[in-house]
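Peer 1:
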Amino acid sequence: PAYILFERAGLCKTRAEARRLIAQGGGYLNGVRVERFDQVIDIRDIKDGGSLLLRAGKKRYMKVAVS
72 PAYILFERAG LCKTRAEARR LIAQGGGYLN GVRVERFDQV IDIRDIKDGG SLLLRAGKKR
132 YMKVAVS
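Per my numbering, the sequence shown starts with residue 72, numbered consecutively.
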């Protein structure tokens, strides 16, 4: 689920914080707002370079390499 990815990437300290972030509309995956905290991230979300771009709010970004 998306909220676990935000927590493990270090954009949120806890999973509860990640759930709140997404519920309030502040979580983005590859430039698209994450609508549900339990949204499943799958192979279609991975960009050409094998990475995901996460954003929390306006200024906090994290690029996650997928192997």
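All C-beta atoms, glycine included, are put in the ideal place defined by N, C-alpha and C.
With a 10 Å radius around its C-beta and 16 neighbouring C-beta atoms as the bar for buried, classify Arg126 as buried or exposed.
Peer 2: The count along the sequence shown starts at 1 and reaches residue 126 at position 55. Burial call: buried.
Peer 1: If distances are taken between C-alpha atoms only, which option among Lys118, Gly102 and Val111 comes closest to Tyr74?
Peer 2: Residue mapping note: residue 74 aligns to position 3 of the sequence shown, counting from 1. Comparing Cα-Cα distances from Tyr74 to each of Lys118, Gly102 and Val111, the minimum goes to Val111.
Peer 1: Can you give me the start and stop residues for the beta strand (DSSP E) that Arg126 sits inside?
Peer 2: The count along the sequence shown starts at 1 and reaches residue 126 at position 55. First-last of the beta strand (DSSP E) with Arg126: Ser122 to Ala127.
Peer 1: What is the DSSP secondary structure of Arg107, counted as helix, strand or coil?
Peer 2: For the purposes of this step, residue 107 is identified with residue 36 of the sequence shown, where counting begins at 1. Here Arg107 sits in coil by DSSP.
Peer 1: So for Ala136, helix, strand or coil by DSSP?
Peer 2: Here residue 136 corresponds to residue number 65 of the sequence shown, with the count starting at 1. Ala136 falls in the strand class under three-state DSSP.
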